[in-house]
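Protein chains in written order, with our numbering: chain A, 1 to 110; chain B, 1 to 114.
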């Protein structure tokens, strides 16, 4: 079936460090891929997306590239800030449903 | 921008009681809302799709008599956990919108059943 696997957190970084949060997926066909972010006390928000192989989604300094050969959609940011502390969810869409990963908590310290 | 409000943020209840969670779309009409559940260290799982004016569509394995969904208006959907038991303790999230790119989520409700 369709599924999303994310690295377990929490991921703890110092400010300005490089971030990678791994995400791999299992799906038939060509799903769209998403990263959502949930800041403390708020609802999930769409961070970025990619709809086909080799597409790169980017927003707020975050990037993720749709890699069909490795079935991955890893989230990266070159220099994290304290304000990036949140829970990040990788997801794929199949027909009319979103399938989420477990979420990865990121903690950035000054 | 559009906002989805979910209440309460957390609730503690005794085993056997029922708990109602509200999900409101504040500045748009939502003909469809979604209810998710997340257990610790597990994926956010879709429970059901709430349709205004009609019955909800439940995912496989979700008990419709246990999790009552009512979508009586275009701005409000409620999830009632009936006769709650400790295994129902979980994080519940609602969402509403059109398409995955314009999907807005509530901040979630942490339910703890004692």
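We put the CB at the ideal spot given by N, CA and C, even for glycine. Every value quoted in this text rests on a predicted model; they were computed, and no experiment measured them.
Taking the Cβ atom as the reference point for each residue, do residue 20(A) and residue 75(A) lie within a distance shorter than 9 Å? Indexing the first chain from 1 puts residue 20(A) at position 20. Indexing the first chain from 1 puts residue 75(A) at position 75. For residue 20(A) and residue 75(A), yes; Cβs fall inside 9 Å.
Measuring only the C-alpha atoms, how far is residue 3(A) from residue 69(B)? The residue given as residue 3(A) occupies position 3 in the first chain. The residue given as residue 69(B) occupies position 69 in the second chain. Approximately 26 Å, taken between the alpha carbons.
Can a CB atom of chain C be found closer than 9 Å to the CB of residue 36(A)? In the structure shown, chain C does not exist; the protein chains are A and B.
Determine the chain B residues that contact residue 62(A) at a beta-carbon separation under 7 Å, and present them in chain order. Locating residue 62(A) in the first chain gives position 62, where the first residue counts as 1. Residues of chain B passing the Cβ test: none, with the nearest at roughly 16 Å.
Could you check which residue in 47(B), 72(B), 41(B) has the C-alpha nearest to that of residue 58(B)? Counted from its first residue, the second chain places residue 58(B) at position 58. Ranked by how close their Cα comes to the Cα of residue 58(B), the residues 47(B), 72(B), 41(B) have 47(B) in first place.
Could you tell me whether the Cβ atoms of residue 6(B) and residue 107(B) are closer together than 9 Å? Residue 6(B) sits at position 6 when you count from the first residue of the second chain. Residue 107(B) sits at position 107 when you count from the first residue of the second chain. For residue 6(B) and residue 107(B), yes; Cβs fall inside 9 Å.
Hey, does residue 83(B) have any beta-carbon neighbour from chain A nearer than 9 Å? For this step, residue 83(B) is matched to residue 83 along the second chain. Closer than 9 Å: no.
Mind listing the chain A neighbours of residue 105(B)? Cutoff is C-beta to C-beta under 9 Å, in chain order. Reading the second chain from its first residue, position 105 is the one you call residue 105(B). Contacts between residue 105(B) and chain A, judged by CB atoms closer than 9 Å, involve 36, 38, 42, 43, 44, 45 in chain order.
How big is the Cα-Cα spacing for residue 15(B) and residue 106(A)? Numbered from its first residue, the second chain carries residue 15(B) at position 15. Numbered from its first residue, the first chain carries residue 106(A) at position 106. Cα to Cα, residue 15(B) sits roughly 34 Å from residue 106(A).
Neighbour flag for residue 78(A) against chain B, beta carbons, 9 Å: Reading the first chain from its first residue, position 78 is the one you call residue 78(A). For residue 78(A), no CB of chain B lies under 9 Å from its own CB, so it is not counted at the interface with that chain.
Among residues of its own chain, excluding the 5 on either side of residue 36(B), which ones have a beta-carbon nearer than 8 Å to its beta-carbon? As a first step, residue 36(B) must be located in the second chain, where it is residue number 36. Only 44, 45, 46, 47, 92, 93, 94, 95 meet the Cβ criterion.
Whose C-beta lies closer than 6 Å to the C-beta of residue 59(A) among residues of the same chain, with five residues either side of it excluded? As a working mapping, residue 59(A) is identified with position 59 in the first chain. Spatial neighbours of residue 59(A) in its own chain (CB-CB distance under 6 Å, excluding positions within 5 residues in sequence) are listed in chain order as 47, 48.
Taking the beta carbon of residue 82(A) as the centre, do at least 16 other beta carbons fall within 10 Å, making it buried, or is it exposed? As a first step, residue 82(A) must be located in the first chain, where it is residue number 82. Its Cβ having fewer than 16 others within 10 Å, residue 82(A) is exposed.
Counting contacts by CB-CB distance shorter than 9 Å, is residue 92(B) in contact with chain A? Numbered from 1 along the second chain, position 92 holds the residue referred to as residue 92(B). Not an interface residue.
Neighbourhood of residue 102(A) by C-beta distance below 6 Å, restricted to the same chain and skipping five residues each side: Along the first chain, one-based indexing puts residue 102(A) at 102. Cβ neighbours of residue 102(A) beyond the five flanking positions: 6.
Assign residue 79(A) to buried or exposed, taking buried as 16 or more other Cβ atoms, counted over all protein chains shown, within 10 Å of its Cβ. In the first chain, residue 79(A) corresponds to position 79, counting from 1. Answer is exposed; the Cβ neighbour count stays below 16.
Can you have a look at residue 57(A) and say buried or exposed, based on whether 16 or more other CB atoms are within 10 angstroms of its CB? Translated into the one-based positions of the first chain, residue 57(A) becomes position 57. Per the 10 Å Cβ criterion, buried.
Among residues of its own chain, excluding the 5 on either side of residue 113(B), which ones have a beta-carbon nearer than 7 Å to its beta-carbon? In the second chain, counting from the first residue as 1, residue 113(B) sits at position 113. The residues are 13, 15, 84, 85, 86, 88, 89.
Under three-state DSSP, which class holds residue 82(A)? On the first chain, position 82 is the one that residue 82(A) refers to. The answer is helix: DSSP assigns residue 82(A) an H, G or I state.
What do you get for residue 30(A), buried or exposed, if any count of 16 or more other CB atoms within 10 angstroms of its CB means buried? Against the first chain, residue 30(A) aligns to sequence position 30. It counts as exposed.
Any beta carbon of chain B sitting closer than 9 Å to that of residue 109(A)? Position 109 of the first chain, counted from the first residue, corresponds to residue 109(A). By this cut-off, residue 109(A) is not an interface position.
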